[in-house]
Amino acid sequence: LLVARNQLTSLPLLPAGLELLTLDRNPQLVRLPPLPEGLQTLSVDANPQLTRLPALPSGLQRLYARNNQLTRLPESITGLSSEATVNLEGNPLSERTLQALRDITSAPGYSGPRILFDMAGASAPREARALHLAAADWLVPAREGEPAPADRWHMFGQEDNAAAFSLFLDRLSETENFIKDAGFKAQITSWLAQLAEDDALRAKTFAMATEATASCQDRVTLALHQMKNVQLVHDAEKGQYDNNLVVLVATGREMFRLEKLEQIAREKAGTLA
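Using full-length UniProt numbering, you'd call the opening residue of the sequence shown number 1 and step up by one each time.
Listed below in structure tokens is the structure:
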């Protein structure tokens with residue numbers, strides 16, 4: 001299937017017998033569907049909105065994914081055969097992903113695919129995606145016939161510091177919280193829903209994102225804790241906890257927990273400065 005140089009944003013379910021898929025140079029392509037098990041060649045070069053790949057079929061022989069915005073990779077990539085070739089050059093892979101690739105491919109007895117990647121990561125500054133695309137990765141997909149939750153974030157993308165917040169959301173998906181905590185995504189989904197309803201809180205949060213996208217993931221985590229504290233204080237100022245002692249006490253405990261987590265994250269970030 002050859003669909004290069006189009007304006008595709010996504011694809012439907014692919015036929016089970018598909019062996020070749022070429023999707024190069026689709027500037028609006030955001031994500032790929034599940035890949036059929038019999039796929040032999042996948043080429044997705046030069047798709048500037050593509051930030052991640054789906055699980056790869058074990059029999060894949062050739063993967064060309066150069067010059068995208070990939071920051072992390074599916075675990076299945078190292079399970080490909082030793083005869084397979086993977087080219088990931090020109091992607092802003094996170095330091096965690098780069099280190100994992102270095103460790104795995106240089107380990108004695110490595111028998112996985114030949115993987116080409118930039119050892120030091122992409123030299124160009126990481127570009128922010130459109131905010132509604134970054135938000136869509138966290139929001140629950142709409143039911144049939146309902147508007148997509150991310151649609152509201154189109155207009156928020158015009159607000160001050162929206163690009164910084166978009167980068168922040170993408171960096172959150174590279175943290176240990178996202179990788180190891182099954183409930184983390186649901187927490188961010190709920191948080192984004194509140195931001196969408198509260199202009200003042202959203203403005204405060206967006207402003208905080210400008211300093212939150214340094215390379216150290218602990219700084220990203222630190223910024224998230226600070227944003228959550230701002231949310232709690234903002235809610236209190238609006239009178240949300242008036243005449244509700246139980247919720248107020250629970251909020252105080254949550255602020256104490258966030259303060260301790262912030263202290264840990266600040267200490268870790270300081271050691272890596």
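Beta carbons are placed, not taken as given, at the ideal position from N, Cα and C, and that holds for glycine.
Of the candidates N67, Q226, L201, the residue whose Cα lies closest to the Cα of D235 is L201. For I188, the uninterrupted alpha helix (DSSP H) segment begins and ends at 184-197. Counting only the Cα atoms, E176 lies some 28 Å from G109.
A check of alpha carbon separations from L50 across A193, Q69, G112, N229 identifies Q69 as the nearest. Per DSSP, reduced to three states, the secondary structure at T41 is strand.
Counting only residues of its own chain and dropping the five nearest sequence neighbours on each side, A142 has a CB closer than 8 Å to the CB of A148, P149.
Between L21 and L1, the C-beta gap is smaller than 8 Å, which places the two residues in contact.
Contact between L18 and L39 holds: their C-beta atoms lie close to 6 Å from each other, under 8 Å.
Around the C-beta of M155, fewer than 16 other C-beta atoms lie within 10 Å, and the residue is accordingly described as exposed.
In the DSSP assignment, the residues bridged to Y64 are S43, N87. Take E174, set aside five residues on each side of it, and the residues of its chain with a beta-carbon closer than 7 Å to its own are T71, R72, S94, R96, Q217, in chain order. Spanning the alpha carbons of L88 and N67 requires a straight line of approximately 8 Å.
Residue environment: V3 is assigned as exposed (fewer than 16 neighbouring CB atoms within 10 Å of its CB, all protein chains considered). Beta-carbon to beta-carbon, R114 and S166 are separated by about 34 Å, too far to satisfy the 8 Å threshold. Cβ atoms of L42 and L8 stay farther apart than 8 Å, at about 15 Å.
Straight-line measurement puts the Cα of T189 at about 23 Å from the Cα of P34. If you look at T105, you'll find it in the alpha helix (DSSP H) that goes 95-106.
Per DSSP, the continuous alpha helix (DSSP H) segment holding L172 begins and ends at 162-172. Residue state for R5 is assigned as coil, using DSSP reduced to three classes.
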